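Just so we're aligned: the sequence shown equals residues 28 to 149 in our numbering.
The C-beta atom is built at its ideal place from N, Cα and C for all residues, glycine as well.
In this text, all values refer to a predicted model and were calculated from it rather than measured experimentally.
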Amino acid sequence: MEYRGGVTADWAAAVLRGVHRRSLDLPPPSIDETWLDAELVLYVRYRLGRKKLAGRFRLDVDPESGGPPVDSDGLAASLFHGLGTAHTDGFVDRDGYRWWGDEPPGANWAGALFGVRIMTIS
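See below:
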């Protein structure tokens, strides 16, 4: 799906499905859960070996270029491949996942993780 500026629910769902689909076909990381919150931000809980990691990603910026994304599949590929980097800093949730990525407003990770979900794949 082509990006036309402004994240929509359809765009965000296409990115979420693209990230999750890659975890089924490609080598690690192994994704445990992905979801979109009410702000259309992507959350991913995953494993790299024995490490439990998690990321929070805005969907209006391509992490590779820093500019707007071009299409949902390309953004999903960029986000999935970025998960392969081991992160050692970040908020650790009650399930032991270490969070990194785009910080929630006020760096309130605990509040963001319990926000309203509009779509979840686990």
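For residue j and residue i, the rounded distance between their alpha carbons
| i | j | result |
| --- | --- | --- |
| H108 | R49 | 9 angstroms |
| G64 | I145 | As written in the sequence, residue 64 is Asp, which differs from the Gly given in the question. Going from the Cα of D64 to the Cα of I145 covers about 6 angstroms. |
| L105 | A134 | Reading off the sequence, residue 105 comes out as Ser, not Leu. Taking the straight line from one Cα to the other gives about 24 angstroms. |
| G126 | A40 | According to the sequence as given, residue 126 is Trp; it is not Gly. Distance between the alpha carbons of W126 and A40 is about 21 angstroms. |
| H47 | G123 | 21 angstroms |
Local Cβ density within 10 Å of residue i, reported as buried at 16 or more and exposed below that
| i | result |
| --- | --- |
| F84 | buried |
| V143 | exposed |
Paired residues, beta bridge with residue i - DSSP
| i | result |
| --- | --- |
| W127 | G82 |
Backbone secondary structure at residue i - three-state DSSP
| i | result |
| --- | --- |
| S57 | strand |
| D64 | strand |
| L43 | helix |
| R72 | strand |
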